[in-house]
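Heads up, the thing below is written out as structure tokens.
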Amino acid sequence: ADDDKNGYVDDVYGWNFIGGTNGNVNADTYELTREYVRLKAKYGQPGMKISRKQQAEYDGWLKIKDKFEKLKEKNAQQYKLYASLYSNVRMSIDTLQKLLNTTELTAEKLESLQTNSPTLLFAKGFLLNMFRNMEDGESLDAYMGQLKEAVDYYEVIVKFGYNEDFNSREIVGDDYNNPYEKGYGNNDVKGPDSKHGTHVAGIIAANRTNNIGIRGIADNVKIMAVRAVPNGDERDKDVANAIIYAVDNGAHIINMSFGKSYSPQKEVVDKAVRYAEQKGVLLIHAAGNDAENSDEEKNFPNRFLLDGKEARNWLEIGASAWGANENFVADFSNYGKRNVDFFSPGVEIYSTVPGGQYEHQSGTSMASPSAAGVAALVMSYFPELSAFEVRDILRQSTRQFDNLEVEKPGGGRVRFESLSSSGGLINAYEAVLAAQKTKEQKAIKTR
């Protein structure tokens, strides 16, 4: 029942905007694919006459067509490569385990095998080469697990990401042509795969007193689960509704560990961002994992609105690594002197996953909740501070590294300070001190 009359039935823990009455979306297409399909219907016929009014969109279509076709083929080849590799390894393991009457193959056991069979010689050589490429101490099962993950990863990309014919909205059952539609979805916030969201939530709010696993960054916080991102690219309509839902239901901070390169309905998301700004809600967004300059390559959603203004409640977070000196920045992280605010830990972050387990994961998806956790920490101790004040506090309290040269993601060496607008790394201790100072200054002004 819709007990609170907010238009969403039984949303006790949050809401799922990519589900319907008969199930949930797991995998989906990329926005590039959806734009390719949309523009192909308009400009895909050879010999079309293009008007002056259509020229800009047509030029955009040609770029999208070229990018789509190249990426589709590249990922198809990667899938074939890993699937073939996995199949050959599996076959070799099964054959040699049976021959040697063992469940545990080692390089030593393989070396001792004497045979004239071409099939067995191939299997022996194949596995010995694989053992040489394995890391010290790595088990065969672990190696096979990584291979299987690669196969599954590319299989989803090929079957769904670049599939022109797949339409996930049949599952959702909404009116997709109405970007301002509300009320669709279901209350299954867990969905078919909640690993990413669980890991993100744990970074922020894992129990700090039970002596199990990890301690989240912030205490005295609640997590509102809002599901809008599939295994693929999120849709602008769902992102906008997710932001509005979170704002309307009491969120103070919205962590957004997702992103994409195209936003055909950006105006819908912009309105939601502006709504969050008006309501004083802080938006914290992952900068992306493409090792690109965000000042040059677009990443959505972002703080830059179509009306030329910037959202004042926005933080864009890059990922720092464990390495010292030149290896201080995650080699996958996006960066940008204008678009990225600061860096936060995002490599091999240990956090919660479903089933009461814990796992290391890397990405700006981990860096963003690291920053959101510090923001929540500050807000919980200083509730009188606004989202805008907390945003400024986090930016101004970053740790600076004068003249530190680092490996720039994608290649080259630069000063760390050139990779973000604040030039620094998040610093929880200094943020709390700055918050206390801001609180005292506000108290003096109100006397």
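Numbering (my numbering), first residue to last: 578 to 1024. For each residue, glycine too, the CB sits at the ideal point set by N, CA and C.
*Thinking C-beta only, is residue 931 closer than 8 Å to residue 603?*
Residue 603 sits at position 26 when you count from the first residue of the sequence shown. Residue 931 sits at position 354 when you count from the first residue of the sequence shown. Not a contact, by the Cβ cut-off of 8 Å.
*Given 8 Å as the limit, is there contact between the stretch 874 to 887 and the stretch 961 to 974, that is, 3 or more CB pairs closer than that?*
Touching, no, given that fewer than three Cβ pairs across the two stretches are closer than 8 Å.
*Excluding sequence positions up to five away, which residues of its chain have a Cβ less than 8 Å from the Cβ of residue 740?*
Here residue 740 refers to the residue found at position 163 of the sequence shown. Residues 606 and 610 of the same chain have their beta carbon placed closer than 8 Å to that of residue 740, with the five preceding and five following residues left out of the count.
*Going by Cα to Cα distance, which pick from 591, 992, 773 and 593 is closest to residue 936?*
Looking up residue 936 in the sequence shown gives position 359. Considering only 591, 992, 773 and 593, the residue with the shortest C-alpha distance to residue 936 is 773.
_residue 767 versus 581, 588 and 675, residue with shortest Cα-Cα distance_ = Sequence index remark: in the sequence shown, residue 767 carries index 190 (1-based). When only C-alpha atoms are compared, the closest one is 588.
*For residue 937, which of helix, strand or coil comes out of DSSP?*
Against the sequence shown, residue 937 aligns to sequence position 360. Residue state, collapsed to three classes: strand.
*asked:* With DSSP as the reference, identify every bridge partner of residue 730, one or two as the case may be.
replied: Walking along the sequence shown from the start, residue 730 turns up at place 153. According to DSSP, residue 730 shares a beta bridge with no other residue.
*Could you work out which residue in 726, 669, 685 and 679 is closest to residue 695 when comparing CA atoms only?*
Translated into the one-based positions of the sequence shown, residue 695 becomes position 118. The candidate whose alpha carbon is nearest that of residue 695 is 669.
_DSSP state of residue 519 mapped onto helix, strand, coil_ = In the structure displayed, the chain extends from 578 to 1024; residue 519 sits before or after that span and is not available.
*Are the beta-carbon atoms belonging to residue 872 and residue 986 less than 8 Å from one another?*
Locating residue 872 in the sequence shown gives position 295, counting from the first residue. Locating residue 986 in the sequence shown gives position 409, counting from the first residue. It is not a contact, given that the beta carbons lie outside the stated cut-off.
*Pick helix, strand or coil for residue 983, following the three-state DSSP scheme.*
Looking up residue 983 in the sequence shown gives position 406. Reduced to three states, the DSSP call for residue 983 is strand.
_Let me confirm a value: residue 913 is counted as buried when at least 16 other C-beta atoms fall within 10 Å, else exposed. Which label applies?_
Against the sequence shown, residue 913 aligns to sequence position 336. By the 10 Å Cβ count, residue 913 comes out buried.
*Secondary structure of residue 746, DSSP reduced to three states*: Here residue 746 corresponds to residue number 169 of the sequence shown, with the count starting at 1. Note: residue 746 maps to helix in three-state DSSP.
*Measure the Cβ-Cβ separation of residue 633 and residue 830 and say whether it is below 8 Å.*
For the purposes of this step, residue 633 is identified with residue 56 of the sequence shown, where counting begins at 1. For the purposes of this step, residue 830 is identified with residue 253 of the sequence shown, where counting begins at 1. No, these two residues do not count as a Cβ contact at 8 Å.
*Where residue 1017 falls: helix, strand or coil (DSSP)*: Here the question's residue 1017 lines up with position 440 in the sequence shown. Correct three-state label for residue 1017: helix.
*Quick one: what's got a C-beta closer than 7 Å to residue 970's C-beta in the same chain, skipping five residues either side?*
Counting from 1 along the sequence shown, the entry for residue 970 is found at position 393. Within the same chain, Cβ atoms closer than 7 Å to the Cβ of residue 970 are found at 955, 1008, 1011, 1012 and 1015, the five residues on either side in sequence being excluded.
*Take residue 1001 and list the residues in its own chain whose beta-carbon comes closer than 7 Å to its own, dropping the five residues that flank it on each side.*
As a position in the sequence shown, residue 1001 is number 424, starting the count at 1. Excluding sequence neighbours, residue 1001 sits near 919, 975, 976 and 977.
*Alpha carbon of residue 593 to alpha carbon of residue 792, nearest angstrom*: The sequence position of residue 593 within the sequence shown is 16, counting from 1. The sequence position of residue 792 within the sequence shown is 215, counting from 1. Rounded to whole angstroms, residue 593 to residue 792 spans 27 Å at the Cα level.
_Here's the rule I'm using: 16 or more other beta-carbon atoms within 10 Å means buried, otherwise exposed. How should residue 943 be labelled?_
On the sequence shown, residue 943 is found 366 positions in, with the first residue counted as 1. That one is buried.
*Is residue 822 buried or exposed, if buried means 16 or more other CB atoms sit within 10 Å of its CB?*
The sequence position of residue 822 within the sequence shown is 245, counting from 1. Burial call: buried.
*Pull up the distance between the alpha-carbon of residue 973 and that of residue 827, whole angstroms please.*
Walking along the sequence shown from the start, residue 973 turns up at place 396. Walking along the sequence shown from the start, residue 827 turns up at place 250. Each residue's Cα considered, the two are about 27 Å apart.
*List the whole-angstrom C-beta distance separating residue 863 from residue 820, where the pair is believed to meet the contact cut-off of C-beta under 8 Å.*
In the sequence shown, counting from the first residue as 1, residue 863 sits at position 286. In the sequence shown, counting from the first residue as 1, residue 820 sits at position 243. Rounded to whole angstroms, the Cβ separation of residue 863 and residue 820 is 15 Å, and the two are not in contact under 8 Å.
*Please state whether DSSP places residue 638 in a helix, a strand or coil.*
Counting from one through the sequence shown, the residue named residue 638 turns up at place 61. The answer is helix: DSSP assigns residue 638 an H, G or I state.
*Range covered by the beta strand (DSSP E) that runs through residue 627*: Counting from one through the sequence shown, the residue named residue 627 turns up at place 50. First-last for residue 627: undefined, no H or E at that position.
_Test item: CB-CB of residue 647 and residue 673 under 8 Å_ = Your numbering for residue 647 matches position 70 in the sequence shown. Your numbering for residue 673 matches position 96 in the sequence shown. No, Cβ-Cβ distance for residue 647 and residue 673 is not below 8 Å.
*asked:* In the DSSP assignment, the alpha helix (DSSP H) including residue 830 goes from what residue to what residue?
replied: Taking the sequence shown and counting its residues from 1, one reaches residue 830 at position 253. Unbroken run through residue 830 is the beta strand (DSSP E), 830 to 833; no alpha helix (DSSP H).
_Where residue 759 falls: helix, strand or coil (DSSP)_ = Here residue 759 corresponds to residue number 182 of the sequence shown, with the count starting at 1. In the three-state DSSP reduction, residue 759 falls in the coil class, being neither helix nor strand.
*Ordered along the chain, which non-local residues of its own chain (more than five positions away) have a Cβ less than 6 Å from that of residue 586?*
What you label residue 586 is simply residue 9 of the sequence shown in a count that begins at 1. Contacts found: 579.
*Kindly list the residues whose CB is nearer than 8 Å to the CB of residue 874, restricted to its own chain and excluding five residues on each side of it in sequence; keep chain order.*
Looking up residue 874 in the sequence shown gives position 297. By the criterion of a C-beta distance shorter than 8 Å, residue 874 is surrounded in its chain by 838, 867 and 911, once the five residues flanking it on both sides are discounted.
*List the DSSP bridge partners of residue 922.*
In the sequence shown, counting from the first residue as 1, residue 922 sits at position 345. Residue 922 is bridged to 897.
*Return the Cβ separation of residue 890 and residue 853 in integer angstroms, given the expectation that the two are a contact with Cβ distance under 8 Å.*
Mapped onto the sequence shown, residue 890 falls at position 313. Mapped onto the sequence shown, residue 853 falls at position 276. Indeed, because the Cβ distance is near 6 Å, the residues count as touching under 8 Å.
*Host beta strand (DSSP E) of residue 859 (start-end)*: As a first step, residue 859 must be located in the sequence shown, where it is residue number 282. Its beta strand (DSSP E) spans residues 859 to 863.
*Examine the Cβ distances between the stretch 988 to 1000 and the stretch 899 to 907 and report whether three or more of them are shorter than 8 Å.*
The stretch 988 to 1000 and the stretch 899 to 907 touch, with no fewer than 3 CB-CB distances between them shorter than 8 Å.
_the stretch 647 to 663 contacting the stretch 728 to 739, beta-carbon criterion three pairs below 8 Å_ = yes
*Based on the DSSP output, what are the partners of residue 1036 in its beta bridges?*
Given a span of 578 to 1024 for the chain in the structure shown, any question on residue 1036 remains unanswerable.
*Does the distance from the C-beta atom of residue 845 to that of residue 756 stay below 8 Å?*
The residue labelled residue 845 in the question sits at position 268 within the sequence shown. The residue labelled residue 756 in the question sits at position 179 within the sequence shown. Going by C-beta atoms, residue 845 is nearer than 8 Å to residue 756.
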